[in-house]
Amino acid sequence: MNWKEAPQDQVVCPETGITKKEVVQAIALGAETVEALEEQFGSCSETCDCREGLQALLDIYLPLLQEMRGGGCSCSCGSCGGGCEG
1016 MNWKEAPQDQ VVCPETGITK KEVVQAIALG AETVEALEEQ FGSCSETCDC REGLQALLDI
1076 YLPLLQEMRG GGCSCSCGSC GGGCEG
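In the numbering used here, the protein residues as written are 1016 to 1101.
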């Protein structure tokens, strides 16, 4: 699944019914780990594979939101979107 391109109403976890939009909102409100998301939305069963989707959404949106909160580059160079080594 390409979570960056997925629509907002794409279901992330079929057991809990949470959507991409709900997960991104939770990340924006401070959830920074899969465990924090599971705590907010409820854990699903061991056989559910939604943890991969939750982690993928964290990997996409958490750095962007942290950059927005900090007002600049997440790697401290001051000019990029976090892709440099400086």
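For each residue, glycine too, the CB sits at the ideal point set by N, CA and C.
Source: prediction; values computed, not measured.
Euclidean distance between Cα positions of residue i and residue j
i, j, result
"arginine 1084", "proline 1078", "10 Å"
"serine 1060", "glutamine 1081", "30 Å"
"glutamate 1024", "glycine 1032", "Residue identity check: residue 1024 is aspartate in the sequence provided, not glutamate. Between aspartate 1024 and glycine 1032, the C-alpha separation is close to 10 Å."
"valine 1038", "cysteine 1063", "16 Å"
"glutamine 1055", "isoleucine 1075", "19 Å"
Cutoff 7 Å; reference residue i; Cβ partners in own chain excluding five residues on either side
i, result
"valine 1066", "Sequence inspection shows arginine at residue 1066; the valine mentioned does not correspond to that position. Around arginine 1066: Val1049."
"glycine 1057", "Thr1031"
"alanine 1046", "Leu1052, Gln1055"
Cβ shell of residue i (< 6 Å), same chain only, five flanking positions each side left out
i, result
"alanine 1021", "Lys1035"
Cβ distance (whole Å) where residue i is taken to contact residue j below 8 Å
i, j, result
"leucine 1052", "alanine 1041", "6 Å"
"leucine 1073", "valine 1027", "11 Å between Cβ atoms; not a contact."
Other residues of its chain near residue i: CB distance less than 8 Å, five sequence neighbours each side excluded
i, result
"alanine 1071", "Met1016, Trp1018"
"proline 1029", "Cys1063, Cys1065"
Limits of the unbroken alpha helix (DSSP H) element including residue i
i, result
"isoleucine 1033", "Run containing isoleucine 1033: none; DSSP gives neither H nor E here."
"methionine 1016", "From DSSP, methionine 1016 is part of no alpha helix (DSSP H); its letter is neither H nor E."
"glutamate 1054", "1049-1056"
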